[in-house]
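Asker: If you're matching positions, the sequence shown starts at 150 in the working numbering and goes up one per residue. Provided herewith is a single structure, encoded as structure tokens, for subsequent inquiry.
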Amino acid sequence: MNTDDILLTLTRKRELEEELHVLRTSRRAEITEAIKKAKEYGDLSENFEYQAARRDQSINNGRIAELGAVLSKAKVVEEGVGFDKIALGTLVSLKDVEEDETLAYWIVDAVSADPVNDKISYASPIGKALLDHAVGDIVEVKTPGGKIHYEVLNISRA
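Listed below in structure tokens is the structure:
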């Protein structure tokens, strides 16, 4: 695996491809139509509708570029087959050994990472440390605040 590869499950890759298709076709057409209508209002310098449509166009084009870059580097991996080891697509229950606190994280691709909702990227420091560990393993995670030790309590898909 190349270090530039972005690991995605087949399901997630298809979702991103579908999003890209929608952005390139129907969303782009909607924005083009909004720009056309806004131009009919006259003076573009003070035309809120025109400015909003151009902003939408910029956001849409940025997302298209982002998805294109991700998909060009995508490498499809199987979703947590067997669940005997932590892998992409697994839900992991952990116990912070020092704090005696229980946590749960979904191991997701870099595009889907959302730490606020307990979705961590396989490429993050904690994700890298957890990958390929099994139930009962003690995993050391290096953080800016020091080392944290987690015991793997459970690995599942839901």
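All C-beta atoms in this analysis are idealised placements derived from N, C-alpha and C, irrespective of residue type, glycine included.
1. Judging by CA-CA distance, which residue of VAL241, ASN266, LEU252 is the nearest neighbour of ALA283?
2. Answer yes if the segment 177 to 195 comes into contact with the segment 233 to 252, meaning at least three C-beta pairs across the two stretches below 8 Å, and no otherwise.
3. So, with DSSP's three-state summary, where would you put TYR199?
4. Could you check the C-alpha separation between ALA262 and LYS268 for me, to the nearest Å?
5. For ALA253, which residues of its own chain have a beta-carbon under 8 Å away from its beta-carbon, when the five flanking residues on both sides are left out?
6. Tell me whether SER305, by its Cβ, gets closer than 7 Å to a heavy atom of the ligand MG.
7. Are the CB atoms of LEU280 and ILE235 within a distance shorter than 8 Å?
8. Quick check on the DSSP output: what are the complete alpha helix (DSSP H) runs of length 4 or more inside the segment 217 to 281, in order along the chain?
9. Below 8 Å on the Cβ atoms is my guess for ARG177 versus ASP258; work out the distance and round it to an integer in Å.
10. Quick check on this structure: which residue in LYS291, GLU289, GLU166 has the alpha carbon closest to the alpha carbon of ILE213?
Answerer: Working from what's here:
1. Indexing the sequence shown from 1 puts residue 283 at position 134. Cα-wise, what sits closest to ALA283 is VAL241.
2. no
3. Reading the sequence shown from its first residue, position 50 is the one you call residue 199. Correct three-state label for TYR199: helix.
4. Residue 262 sits at position 113 when you count from the first residue of the sequence shown. Residue 268 sits at position 119 when you count from the first residue of the sequence shown. Straight through space, the alpha carbons of LYS268 and ALA262 are spaced by roughly 5 Å.
5. Here residue 253 refers to the residue found at position 104 when the sequence shown is read from its first residue. Hits under 8 Å: LEU240, VAL241, SER242, LEU243, ASP267.
6. By its list of ligands, the structure shown contains no ligand whatsoever, and the ligand MG lies outside what it can speak to.
7. Here residue 235 is taken as the residue at index 86 of the sequence shown, counted from 1. Here residue 280 is taken as the residue at index 131 of the sequence shown, counted from 1. Annotated as proximal: ILE235 and LEU280, with beta-carbon spacing under 8 Å.
8. 274 to 279
9. Here residue 177 corresponds to residue number 28 of the sequence shown, with the count starting at 1. Here residue 258 corresponds to residue number 109 of the sequence shown, with the count starting at 1. Wrong, their Cβ atoms sit about 25 Å apart, outside the cutoff.
10. Along the sequence shown, one-based indexing puts residue 213 at 64. The candidate whose alpha carbon is nearest that of ILE213 is GLU166.
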